[in-house]
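**Q**
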Amino acid sequence: MEKTILCKCCNTESIIIENSLFFPEEKKADNIICPICKNTILTLYTDGWVFVQTKEDYLFELKIEEQKNNIKYVEELV
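For reference, each letter of the sequence shown is one residue, going 0 to 77 in numbering that gives the first Met the number 0.
1) Which same chain residues end up closer than 6 angstroms to residue 78 when comparing Cβ atoms and leaving out the 5 residues on each side of it in sequence?
2) Below 8 angstroms on the Cβ atoms is my contact criterion, and I expect residue 85 with residue 4 to pass it. Report the Cβ-Cβ distance as a whole number of Å.
3) Determine contact between the stretch 12–28 and the stretch 45–65, defined as no fewer than three beta-carbon pairs at a distance below 8 angstroms.
4) Taking only three categories from DSSP, how would you classify residue 74?
5) Please say whether residue 43 and residue 29 have beta carbons closer to each other than 7 angstroms?
6) Indicate the three-state DSSP secondary structure (helix, strand or coil) for residue 67 in the structure shown.
7) When the Cα atoms are used, what is the spatial distance from residue 71 to residue 58?
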């Protein structure tokens, strides 16, 4: 699951990516912390793990991954 949320303290948009386990377990409460101001922005119940980053950082990483896919390797050039 991927979700965008806005921090009420610093107005930073964050992307929350939840990765559930392959087999369901008991869900536990995880406090989602703003990466900028360290304020709790959400409590999420999950049986997996959560990855949080600013929207700006998330988009930057997507751009890097796209560029990596476009790299021409020596074998492809020959």
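All C-beta atoms, glycine included, are put in the ideal place defined by N, C-alpha and C.
**A** Taking the geometry as given:
1) The chain is shown from 0 up to 77; residue 78 falls before or after that span and cannot be answered.
2) This structure gives no information on residue 85, because the portion of the chain shown stretches from 0 to 77.
3) yes
4) On the sequence shown, position 75 is the one that residue 74 refers to. If DSSP states are grouped into helix, strand and coil, residue 74 belongs with the helices.
5) Taking the sequence shown and counting its residues from 1, the one referred to as residue 29 is at position 30. Taking the sequence shown and counting its residues from 1, the one referred to as residue 43 is at position 44. It is a contact, given that the beta carbons lie within the stated cut-off.
6) Working through the sequence shown from its first residue, we reach residue 67 at position 68. Of the three classes helix, strand and coil, the one that applies to residue 67 here is helix, per DSSP.
7) The residue labelled residue 71 in the question sits at position 72 within the sequence shown. The residue labelled residue 58 in the question sits at position 59 within the sequence shown. Residue 71 and residue 58: Cα-Cα distance of roughly 23 angstroms.
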